[in-house]
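Asks: Have a look at the structure that comes next, please.
There are 2 protein chains.
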Amino acid sequence: MRRFYAPNVAPGPHSLGADEARHLGQVLRARPGDAVELADGRGAVFPAEVVSIGKREALLHVGVPTCFPSPTPELTLWVAPTKHTDRFEWFLEKACECGVTRIQPIWTARSERRVEKRERWQRTLAEAMKQSRRAWLPELAPAVSLDAALSSLEPAEGEGPWLGLAHCPVPEHPNWVRQSIQSALPQQRDALIAIGPEGDFTSEEIESFGSAGFTPVTFGEHRLRTETAALFAVQAFHILNHP
Amino acid sequence: MRRFYAPNVAPGPHSLGADEARHLGQVLRARPGDAVELADGRGAVFPAEVVSIGKREALLHVGVPTCFPSPTPELTLWVAPTKHTDRFEWFLEKACECGVTRIQPIWTARSERRVEKRERWQRTLAEAMKQSRRAWLPELAPAVSLDAALSSLEPAEGEGPWLGLAHCPVPEHPNWVRQSIQSALPQQRDALIAIGPEGDFTSEEIESFGSAGFTPVTFGEHRLRTETAALFAVQAFHILNHP
Chain L
22 MRRFYAPNVA PGPHSLGADE ARHLGQVLRA RPGDAVELAD GRGAVFPAEV
72 VSIGKREALL HVGVPTCFPS PTPELTLWVA PTKHTDRFEW FLEKACECGV
122 TRIQPIWTAR SERRVEKRER WQRTLAEAMK QSRRAWLPEL APAVSLDAAL
172 SSLEPAEGEG PWLGLAHCPV PEHPNWVRQS IQSALPQQRD ALIAIGPEGD
222 FTSEEIESFG SAGFTPVTFG EHRLRTETAA LFAVQAFHIL NHP
Chain W
22 MRRFYAPNVA PGPHSLGADE ARHLGQVLRA RPGDAVELAD GRGAVFPAEV
72 VSIGKREALL HVGVPTCFPS PTPELTLWVA PTKHTDRFEW FLEKACECGV
122 TRIQPIWTAR SERRVEKRER WQRTLAEAMK QSRRAWLPEL APAVSLDAAL
172 SSLEPAEGEG PWLGLAHCPV PEHPNWVRQS IQSALPQQRD ALIAIGPEGD
222 FTSEEIESFG SAGFTPVTFG EHRLRTETAA LFAVQAFHIL NHP
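One line per chain: the protein sequences are L and W, in this order. Numbering of the first sequence is given in the numbering used here, commencing with residue 22 and proceeding in unit increments. Numbering of the second sequence is given in the numbering used here, commencing with residue 22 and proceeding in unit increments.
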């Protein structure tokens with residue numbers, strides 16, 4: 022069943038805009054009477070029937086949704102957009118497929134080309150949500166500086182998320198200990214994992230993370246690109262929480 | 022330390038060809054006396070010193086290598102090249118970073134555009150090997166049909182690799198049971214995992230895998246693209262074998 026993303030859908034008549042109407046009519050060759058699904062990205066998936074298709078609009082009749090609970094535990098990733106946006110977009114697509122909850126882009130001391138392509142990144146996530154048949158769209162927070170992100174961490178009432186920090190070995194501090202993510206990550210608990218940017222965090226940044234209560238972790242002895250490490254975190258979180 | 026791939030290097034004088042000489046001189050701005058490393062892709066990493074750099078050649082003096090054992094256990098992936106080669110190349114890069122041993126491209130009943138870009142794929146793997154500072158280059162087997170791949174499986178003397186098959190639910194056989202990769206994969210044992218292509222294996226193909234002794238596994242309830250599933254297998258193998 023073909024699925025569309027429709028953030029503001031409700032039962033009753035619903036109109037798809039020009040882009041999706043064109044996709045439905047010209048690419049999928051849908052006809053009046055065909056069944057499709059609409060996902061609102063917040064857990065509700067609606068059955069719908071095509072009423073009419075034109076070049077600029079498609080009219081659907083929408084039924085009563087099935088609601089899916091939000092996946093738990095929740096994973097938030099802090100990750101610096103890469104210099105080449107295609108590597109970051111690749112990561113967004115894969116992270117959505119593999120079930121990330123929230124992505125916080127951060128600007129770090131070594132971030133180059135601080136260009137936030139927010140609309141494009143949102144579209145990448147929505148496409149991946151539809152393609153992987155998820156009911157929940159990952160949240161994409163506006164990019165902020167690392168300092169602002171650290172300041173925004175609220176003292177948790179009760180047990181907050183587990184805080185993990187993935188970075189490379191630091192030449193200035195060769196004896197800083199990093200556990201493997203497999204041994205460090207607690208099961209069935211929300212987590213927030215920060216991923217070293219291209220060129221890695223500076224040792225001052227790593228110290229700030231330490232003061233904020235982050236546990237340093239490693240994903241193995243080899244050097245992973247930023248987007249590979251970020252996806253590794255998502256997949257490790259999935260594997261360790263769904264035994 | 023900058024690392025180069027040099028499959029036939031030995032201690033003594035060594036000449037880098039035009040491409041790498043240009044990279045060394047114009048991109049990295051190396052000068053005579055600078056130190057670099059050469060990896061032969063089979064576990065040996067050689068220290069080397071730049072003797073001279075020209076436009077068409079760079080001359081190095083190569084020292085005695087450090088040898089790294091091949092990573093164990095070994096993971097072989099059978100995976101169908103995707104319709105768009107960039108998705109497959111992305112997978113090759115990431116799989117190398119994350120430690121795959123061997124990749125066997127296969128043509129399946131639903132494979133479209135059967136174009137084997139072998140040289141390009143080899144270059145992608147070599148680049149990822151250098152970038153992630155690995156000493157071993159993953160083996161890229163020539164593409165074969167699924168039938169040929171299955172026929173080539175030899176009856177193992179003693180315990181052969183564990184055989185896993187990742188595919189989507191099959192409408193014709195809704196009750197076929199698939200275990201999660203986390204619960205099915207034995208630890209510290211070589212494995213061969215076959216990944217469903219775009220459009221998935223046909224139910225006849227899945228039956229052939231079953232006759233050959235493959236265990237059906239799933240990577241979760243959501244639909245993963247072929248290249249995402251293939252990388253998920255590599256990362257699950259890493260996490261489950263390096264606790």
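No residue lacks a Cβ here, since even glycine has one placed at the ideal position from N, Cα and C. For clarity, every value in this text was computed on a predicted model and none was experimentally measured.
What is the DSSP secondary structure of L:Cys119, reduced to helix, strand or coil?
Replies: Of the three classes helix, strand and coil, the one that applies to L:Cys119 here is coil, per DSSP.
Asks: Give me the chain W residues within the contact set of L:Ile260, using Cβ-Cβ distance strictly less than 7 Å, ordered along the chain.
Replies: Here the neighbours are Gln203, Ala257, Ile260.
Asks: Along the chain, where does the beta strand (DSSP E) that runs through W:Glu70 open and close?
Replies: First-last of the beta strand (DSSP E) with W:Glu70: 65-74.
Asks: Residues of chain L with CB under 9 Å from W:Ser153, in chain order?
Replies: Those within 9 Å of W:Ser153 in chain L are His243, Arg244, Leu245, Arg246, Thr249.
Asks: Where do the ends of the alpha helix (DSSP H) carrying L:Ala205 lie?
Replies: Looking at the DSSP string, the run of the alpha helix (DSSP H) that includes L:Ala205 is 202-205.
Asks: Would you say L:Cys119 lies against chain W (beta-carbon separation less than 8 Å)?
Replies: Chain W, which has a Cβ nearer than 8 Å to the Cβ of L:Cys119, makes this yes.
Asks: Out of L:Glu58, L:Gln125, L:Asn196, L:Met150, which has the shortest C-alpha to C-alpha gap to L:Leu171?
Replies: The candidate whose alpha carbon is nearest that of L:Leu171 is L:Gln125.
Asks: Looking at L:Ala56 and L:Pro68, is the spacing between their C-beta atoms short of 8 Å?
Replies: Against a cut-off of 8 Å, the Cβ pair of L:Ala56 and L:Pro68 comes out as a contact.
Asks: Is it true that the CB of L:Thr103 sits closer than 8 Å to the CB of L:Thr247?
Replies: Yes, the Cβ-Cβ distance between L:Thr247 and L:Thr103 is below 8 Å.
Asks: Using the Cα positions of L:Lys265 and L:Thr97, report the straight-line distance between them to the nearest angstrom.
Replies: Here chain L comprises residues numbered 22 to 264, so residue 265 of chain L is not present and cannot be evaluated.
Asks: Who does L:Ile127 pair with in a DSSP beta bridge?
Replies: Paired residues: L:Val165.
Asks: What do you get for W:Gln267, buried or exposed, if any count of 16 or more other CB atoms within 10 angstroms of its CB means buried?
Replies: What is shown of chain W runs 22 to 264, which leaves residue 267 of chain W out entirely.
Asks: What does W:Leu37 pair with, by DSSP beta-bridge criteria?
Replies: Beta-bridge pairing links W:Leu37 to W:Ala79.
Asks: Quick check on the burial criterion: 16 or more other C-beta atoms within 10 angstroms. Buried or exposed for L:Pro90?
Replies: Exposed: under 16 other Cβ atoms inside 10 Å.
Asks: Indicate whether W:Leu206 and W:Phe258 have their beta-carbon atoms separated by less than 8 Å.
Replies: In this structure, W:Phe258 lies closer than 8 Å to W:Leu206 by Cβ.
Asks: Residues of the stretch 69-83 of chain W with a CB closer than 9 Å to any CB of chain L: list them in chain order, please.
Replies: Taking 9 Å as the Cβ-Cβ cut-off against chain L, none of the residues of the stretch 69-83 of chain W qualify.
Asks: Tell me which residue opens and which closes the alpha helix (DSSP H) that W:Ala149 is part of.
Replies: Counting along the chain, the alpha helix (DSSP H) containing W:Ala149 begins and ends at 139-152.
Asks: Using a C-beta cutoff of 8 Å, does L:Lys115 count as contacting chain W?
Replies: It does: the Cβ of L:Lys115 has a partner Cβ on chain W nearer than 8 Å.
Asks: Thinking W:Ser153 and L:His243 are a contact (beta carbons under 8 Å), I'd like their distance in whole angstroms, please.
Replies: That belief holds up - the Cβ atoms of W:Ser153 and L:His243 are roughly 5 Å apart, short of 8 Å.
Asks: Does the beta carbon of W:His188 sit closer than 8 Å to a beta carbon anywhere in chain L?
Replies: Chain L, which has no Cβ nearer than 8 Å to the Cβ of W:His188, makes this no.
Asks: Establish whether the CB of W:His194 and some CB of chain L are separated by less than 8 Å.
Replies: With 8 Å as the cut-off, W:His194 does not count as an interface residue toward chain L.
Asks: Taking any Cβ of chain W, which residues in the stretch 209-240 of chain L have a Cβ under 7 Å from it, in chain order?
Replies: Cβ contacts with chain W come from no residue of the stretch 209-240 of chain L.
Asks: Residue range of the beta strand (DSSP E) that L:Gly185 falls in?
Replies: Where L:Gly185 is concerned, the enclosing beta strand (DSSP E) stretches over 183-187.
Asks: Between W:Phe253 and chain L, is the shortest Cβ-Cβ distance under 8 Å, so that the two count as touching?
Replies: So, interface residue.
Asks: Under 8 Å by Cβ, that's how I've got L:Trp99 and L:Leu213 pegged, so tell me the actual separation to the nearest angstrom.
Replies: With a Cβ gap of about 7 Å, L:Trp99 and L:Leu213 count as contacting.
Asks: Whose C-alpha, out of W:Ala101, W:Ala149, W:Thr122, W:Arg139, is nearest the C-alpha of W:Trp128?
Replies: Answer by Cα proximity: W:Ala101.
Asks: Any idea what DSSP makes of W:Thr97, helix, strand or coil?
Replies: W:Thr97 falls in the strand class under three-state DSSP.
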